[in-house]
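Residue numbers (our numbering), protein chains in the order written: chain A, 1 to 278; chain B, 279 to 556; chain C, 557 to 834; chain D, 835 to 1112; chain E, 1113 to 1390; chain F, 1391 to 1668.
Even for Gly, the Cβ is constructed at its ideal location relative to N, Cα and C.
See below for the structure under consideration.
Number of protein chains: 6
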Amino acid sequence: MLREQIENFIREDLGYHDISCQMVPDTIAEAVVFAKQDCVVAGVEVAEAIFDYFDIEYTRMVADGEKVQNNDVVFELKAGTVSLLRAERLSLNFLGHLSGIATLTRDCVEAVNQCSEAVVAATRKTTPGIREFEKLAVIAGGGDPHRFNLSDSIMIKDNHRNIMGLENAILKAKEMASFTQKIEAEVESATDAILAARMGVDIVMLDNMTPSEIISTVEKLSHEGLRNKVIVEVSGGINTENLAEYAKTGIVVISMGSLIHKAQWADLSMEMKGYFMP
Amino acid sequence: MLREQIENFIREDLGYHDISCQMVPDTIAEAVVFAKQDCVVAGVEVAEAIFDYFDIEYTRMVADGEKVQNNDVVFELKAGTVSLLRAERLSLNFLGHLSGIATLTRDCVEAVNQCSEAVVAATRKTTPGIREFEKLAVIAGGGDPHRFNLSDSIMIKDNHRNIMGLENAILKAKEMASFTQKIEAEVESATDAILAARMGVDIVMLDNMTPSEIISTVEKLSHEGLRNKVIVEVSGGINTENLAEYAKTGIVVISMGSLIHKAQWADLSMEMKGYFMP
Amino acid sequence: MLREQIENFIREDLGYHDISCQMVPDTIAEAVVFAKQDCVVAGVEVAEAIFDYFDIEYTRMVADGEKVQNNDVVFELKAGTVSLLRAERLSLNFLGHLSGIATLTRDCVEAVNQCSEAVVAATRKTTPGIREFEKLAVIAGGGDPHRFNLSDSIMIKDNHRNIMGLENAILKAKEMASFTQKIEAEVESATDAILAARMGVDIVMLDNMTPSEIISTVEKLSHEGLRNKVIVEVSGGINTENLAEYAKTGIVVISMGSLIHKAQWADLSMEMKGYFMP
Amino acid sequence: MLREQIENFIREDLGYHDISCQMVPDTIAEAVVFAKQDCVVAGVEVAEAIFDYFDIEYTRMVADGEKVQNNDVVFELKAGTVSLLRAERLSLNFLGHLSGIATLTRDCVEAVNQCSEAVVAATRKTTPGIREFEKLAVIAGGGDPHRFNLSDSIMIKDNHRNIMGLENAILKAKEMASFTQKIEAEVESATDAILAARMGVDIVMLDNMTPSEIISTVEKLSHEGLRNKVIVEVSGGINTENLAEYAKTGIVVISMGSLIHKAQWADLSMEMKGYFMP
Amino acid sequence: MLREQIENFIREDLGYHDISCQMVPDTIAEAVVFAKQDCVVAGVEVAEAIFDYFDIEYTRMVADGEKVQNNDVVFELKAGTVSLLRAERLSLNFLGHLSGIATLTRDCVEAVNQCSEAVVAATRKTTPGIREFEKLAVIAGGGDPHRFNLSDSIMIKDNHRNIMGLENAILKAKEMASFTQKIEAEVESATDAILAARMGVDIVMLDNMTPSEIISTVEKLSHEGLRNKVIVEVSGGINTENLAEYAKTGIVVISMGSLIHKAQWADLSMEMKGYFMP
Amino acid sequence: MLREQIENFIREDLGYHDISCQMVPDTIAEAVVFAKQDCVVAGVEVAEAIFDYFDIEYTRMVADGEKVQNNDVVFELKAGTVSLLRAERLSLNFLGHLSGIATLTRDCVEAVNQCSEAVVAATRKTTPGIREFEKLAVIAGGGDPHRFNLSDSIMIKDNHRNIMGLENAILKAKEMASFTQKIEAEVESATDAILAARMGVDIVMLDNMTPSEIISTVEKLSHEGLRNKVIVEVSGGINTENLAEYAKTGIVVISMGSLIHKAQWADLSMEMKGYFMP
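Here is the structure:
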């Protein structure tokens, strides 16, 4: 996390004249950040950057991606009381939000792993301003971040097909893409999936298909000898309930915006204890 | 929304070289933003700022705080296809995230309204970087934003009590506060609630009390003639299930971090149609 | 002070290629910042942030709000000569400007204290870009900062009355305000003062009234039983000469833009001494 | 003024959720900015940049540097009421602060002009963050801005002399300076003035000399044939009272930090009138 | 180009008080930007963003990637003289620098095209702060931008091999990579090229090999049946003289840092003509 | 270099999720930055700021402006491998680019020194965003940076002459200039040179004259007794081949945009060695 980002986040939470924190006697205190529920932790490095900013000494007890249980300590802290009060909400807001994403991702990954080796991936449906952190939370949960932004790889979506047709879109993408980039085509039919695969896209994304449509499409790709030449991804309407059904279809990637937009914060808290006069 | 903010959000989503949007023929197109579920809309002005940035003509069909139903149109748009593709995800991410918060807030407000005139309020548990927008979503949902940052009003919390004692904390707050600011004290017992009210704080927040403890505390305040001298707020452990119970306790404000951290995005989408060569 | 702010201020004073400071041999030197007149010091923490940026060791001899006399030392410094030369003007500009405000504020506060317990407060008439520092200087002088910005509390001013009428404005403000915010109404007559107080605003500001009009208005508020339900503030045309007259009217707050916009800088200087080869 | 600067100033004055301005019905209104005292106006272009930002139509009645009298109109405005309320304080803060500097500068310039052709110049004693605007106000008042920052020209000051001696400092400055830059040496004695002029500095600044010492030093420079080879500047302890005495000494530049740090704001105000429903 | 970027570039060129441009009578003028040498133009959109910022009307005569000859007009402009003077150097600095890169790239691409279908690609050796524009210049010249930053695709370089061994590095990269990313391994021997290709990297980069070593390595890859499973890139020591030799080796990508770091600016100029009083 | 600048440069090179550097085991390593060709080094302080940012210990073996030979070490480094990989490209991009400019400048300075004491100077033809660093590279090479931006000194160029005439332009410049600024006039004829010198400009720049025209103009200035009253600069069409001819004309300054826009990067590299487990 860049210092400029931290300062923007701090300014948002502190405002211009924070009496609330300033009014306490500035003694040295110890504190712990701990979980108030079972969860997969994410955001540990973000929290450390915040602690560093406020000159808070910390011992990290858990790394991103580790499971903790209710009452487990995530950080032991030591610093002036004013610094601790100022770092408290911002660090917890990150830890809570990101651990919530990591926890939901882990649930999905584990559900998939029971029946498949498919990868669970995020999308660009992320909270504006903190995408990089939410993607890291998905990784902490065992998921794949998918592309970070529109420039990372080229994706042909429904609007591209509507405007210029799938074939033209793929031709144009291949013409414009760097050799370092993958090209992905979102399709809604087996015919288009075969067309895209045959034209050499790296990833075919089956959009809003039912599990049986997916199975049928994968079979057709196999029949055409294209199954191993392309990564097959599915997306659309997949949730924790029906995830297993999709996982069993033999595809390689399941992308779910809900990893982020349906995640609820994990509950973490900071508790101060032991005050020493400076 | 400041232009500098918009540019940061856009940079996050576009990256350094966005072929995905650029590759389409840049014709003029019409599009609609519409709801794919019933929800309370929020973020309309944020979306407009994004559309303005991309020189997209828009007609707003719905204002912040209005309920829409599945398939209702929120915006009618007209612009170049490249601009539409670039504005799509960012505007939807805001609309989806903020409408989710507004929808959950409205649910809570309506539940409370059935049995009370209490206000439903947010907290500082917000996603870093976009607090101002999330607070506006709470307002759109009918809730109270509570303070925007630590400088807005002075709040004495558990850590203050632990460090310096409630009485000292209130004295210090009154000494340091501007006459334009309210002082709020979070307490965990009726005794402390009475002490705080007697010392003249503007708001007493009963933290983590059960409904019956709250009722008892309110009665004690009344008995001491302090009931009308202080705003009584409750917080802690309140969710959509038990909300009504709290609403019936006669308090004035129910603050719930969950308005934001348990909200799930509303589902909105953009559909392009009608392409005209430039 | 955020590092980003410091860097902007430094860039302003140094430009792109500062030979003036660079050309001296970079030995270690000692220096003092001292007062060249009696004054109340403000800006000490701002200066420290600047010294920290330039890796200057400092001993603070005086805290914000303390009175110093001509020749009193405010800081003892030790650092490389180049750093001292670079920090000199910026730190003195802050100390001089802010101590000037603190000194004028203290004069006003002491004048008021001789005949009243009224609070002396600033306004939003501040130098663009450094309001937070000027408000802190008012606090150092013993004054009240009043609201830091338009979002801090709601103030109904003459233009609001003109556009929508006082009563409508108060109704609207009460509808829109968070329970954490105070509402202030600026009025020009006793009738309006009574109306505002009766409608429950927290602060009534009597604008541009003479002392005798103020006394009369306060009496009418008492007569209506509203005197203790509202904070009475006066503003407009108050200066160091007539301040005492206003202080004696029994109001609670006297706000004066002139604390900032009529303040003249206090005279402080930096003197280097004792150079040691590195 | 850059848009990024404007947005920072606006953010400072508006905060995160400005109900005060938002609560009025957003009709179209006319307004005037007018003077409440005689003064020299400065900051007109800054105000225009702010009006542009808020889409306010304006007619400028006065240019920077023009004298206005009490009640003279500086701007006629037309815009939505919300925009006018939001632009009001920020534009007035600039106009008041800068016109105050221009007015004091003009007073000094006129006092000097009665007995001399000397130039009145500012220094680097400026309010952090807005130096460029304060320098423009000095220009509007008829003064010379002097260097904008440490990189503009090279100035050898007392600390340079103390550290490395005047002769060495001049040698070093001449070695390091670009041919596009002037070199200025601050001296405290006629001997040093002659040394500096002989070594070829462009400007000699006589620091803290009495008028008679200045006259004597200028004569010595003439005697050495150096009078026309160097610009003679005086500074230190010059104020509106003794300015004429210094002006008569035959020097070319009188620099006064007090143009800025002793200036008091001019009184300007905005008045709205005529509301039309949108 | 984001407005914030433009403002930073403008601030760099204008400084705090630009008399040079301001001093001309601000009449409306026409101007042309024209080439003073044959070159491939790049930076046209960057220039347009600058013209837009200064409210300059422009007609673009040439698009990025087109060849122009000495005296060809690139832009016809119409605006106030002050705006034209302010936009002149910044727009020309971009056009000159970027067209220089495009021209050198085009030379290399044409040299390669005479004997091969290989792609000419840039590297991360770019001027800090303007990589995105330099990469676009490479594209304008007909080259491939290669990855824009370290996050775009994963590249295993000599230091990775030294630290963890090629095999471990590839295993780690495959474990950490998103399915949307390509993995590239830089190798110095045919053995390593075969290892990397067999392990499934997408791109093998043969570093600092002679043309005959490259030919031999490609043959060995073919012999192992790996030739079509991997993109073969060469880099290191390739310049305009020996480029053809490399192009004939049958590889697919030739990457050359020199496209950017050996490019010299193309010579473009702005000429004003026809002044009309405003 | 300001921290904000460093962070912008780092963000450009790292992107949002840099696996490439992160994937190595983070042991402590030693490394050297060394030259792969003879060159004059520049950018050492920039590199140090980058190393500081990444907590890399460094020993500087060479200062800006020193000549190094192929294989000479510029920095010895010690740090974690991840930090070294992240700092590598950015520091080398600066060192390579700036050392290239310093090397070309030194070549020109040495060529001039063989026949003249003339100064070699840069222009405003610099790469947008890093002018301050490129100017420092010119200084490291022994050249003069000329003005850093339009505000540094006033320069009357061809477009000024065309718009308002040379005489008017000089009058206007003298009216508007601060006494701390020099005025430079670019002319194309001896007549104009004499006019400008007689009117008191500080620098006359002979634009695009042949060596013999320059000699003739200098003689005419001497004949008019103006030769010692003005700095004579030449510019336009001067390159490494014809530089000596210009140097012999007796002028004082030769300014060449090509110092920067024709410079090619010097070749420097970083080599890691010696890994120690943390």
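Going by C-alpha positions, D/Ala883 is about 11 Å away from D/Glu891. Counting along the chain, the unbroken alpha helix (DSSP H) around C/Glu601 starts and ends at Val600 to Tyr609. Counting only runs of 3+ residues, the beta strand (DSSP E) found wholly inside the region 1319-1349 of chain E occupies 1343-1347, in chain order. If one requires a minimum length of 3 residues, the beta strand (DSSP E) runs lying completely within the region 1197-1247 of chain E are 1231-1233, in chain order.
In this structure, the straight-line span from the alpha carbon of B/Leu368 to that of A/Glu186 is close to 20 Å.
Inter-residue distance for F/Ser1543 and E/Val1153 is about 32 Å (C-alpha atoms, whole angstroms). Counted as a single uninterrupted DSSP element, the alpha helix (DSSP H) harbouring E/Thr1303 occupies residues Ala1302 to Arg1310.
A/Lys262 and B/Ala544 have their C-alpha atoms roughly 9 Å apart. Distance between D/Ala1081 and F/Glu1574, taken at the CA atoms: about 29 Å. With respect to the 9 Å criterion, A/Leu195 and A/Glu241 are not classified as neighbours on the basis of their beta carbons. Taking a contact as a CB-CB distance under 8 Å, the pair E/Glu1116 and B/Glu285 counts as one, their CB atoms being some 6 Å apart.
At a cut-off of 9 Å, the C-beta of A/Gly15 has a neighbouring C-beta in chain C.
Three or more pairs of CB atoms, one per stretch, sit closer than 8 Å, so the region 24-40 of chain A contacts the region 92-111 of chain A.
Taking 7 Å as the upper bound on Cβ-Cβ separation, chain F lies near residues Arg1236, Lys1237, Thr1238, Thr1239, Pro1240, Gly1241, Ile1242 and Arg1243 of the region 1230-1255 of chain E. Here the region 973-991 of chain D lies against the region 946-959 of chain D, with 3 or more beta-carbon pairs under 8 Å apart. Around the beta carbon of E/Phe1146, a 10 Å sphere encloses 16 or more other beta carbons of the protein chains shown; the residue is thus reported as buried. The beta-bridge partner set that DSSP reports for F/Arg1393 is empty.
Residue-level contact check: D/Ile1072 does not touch chain C, since none of the beta carbons of chain C fall below 9 Å from its beta carbon.
The beta-carbon of B/Arg281 is placed less than 9 Å from the nearest beta-carbon of chain E.
The three-state secondary structure of E/Glu1298, taken from DSSP, is strand. DSSP assignment within the region 843-867 of chain D yields no whole beta strand (DSSP E) run of 3 residues or more.
Nearest C-alpha to B/Glu354 among B/Ser429, B/Val340 and B/Lys345: B/Val340.
For B/Lys356, the enclosing beta strand (DSSP E) covers residues Val351 to Gly358.
The region 288-306 of chain B and the region 447-458 of chain B do not touch, with fewer than 3 CB-CB distances between them shorter than 8 Å. Where C/Ser811 is concerned, there is no enclosing alpha helix (DSSP H), although the beta strand (DSSP E) around it starts and stops at Val809 to Ser811. B/Glu285 belongs to the set of residues whose beta carbon lies under 9 Å from a beta carbon in chain E. Going by beta carbons, C/Phe689 and C/Gly599 fall inside the 9 Å limit. For D/Gln871, there are no C-beta contacts with chain C under 8 Å, since the nearest C-beta of that chain is about 12 Å from it. Assignment of C/Val760 by DSSP, reduced to helix, strand and coil, places it in the strand class. If you ignore the 5 residues before and after F/Val1414, its C-beta comes within less than 8 Å of the C-beta of Thr1471, Val1472 and Leu1475, all in its own chain and listed in chain order. For D/Phe928, the C-beta contacts it makes with chain C under 7 Å involve Pro684, in order along the chain.
When the Cα atoms are used, F/Lys1564 and F/Ile1546 turn out to be separated by approximately 11 Å.
Using a Cβ-Cβ cut-off of 9 Å, A/Arg106 does not count as an interface residue toward chain E, since no Cβ of chain E sits closer than that to its own.
CA-to-CA, the gap between F/Glu1661 and F/Asp1445 works out to about 18 Å. In this structure, the CA atom of E/Met1317 is about 59 Å from the CA atom of E/Phe1388. Within its own chain, the residues whose Cβ lies closer than 7 Å to the Cβ of D/Ala1027, once the five positions on either side in sequence are excluded, are Val1021, Val1038, Leu1040, Thr1051 and Leu1055, listed in chain order.
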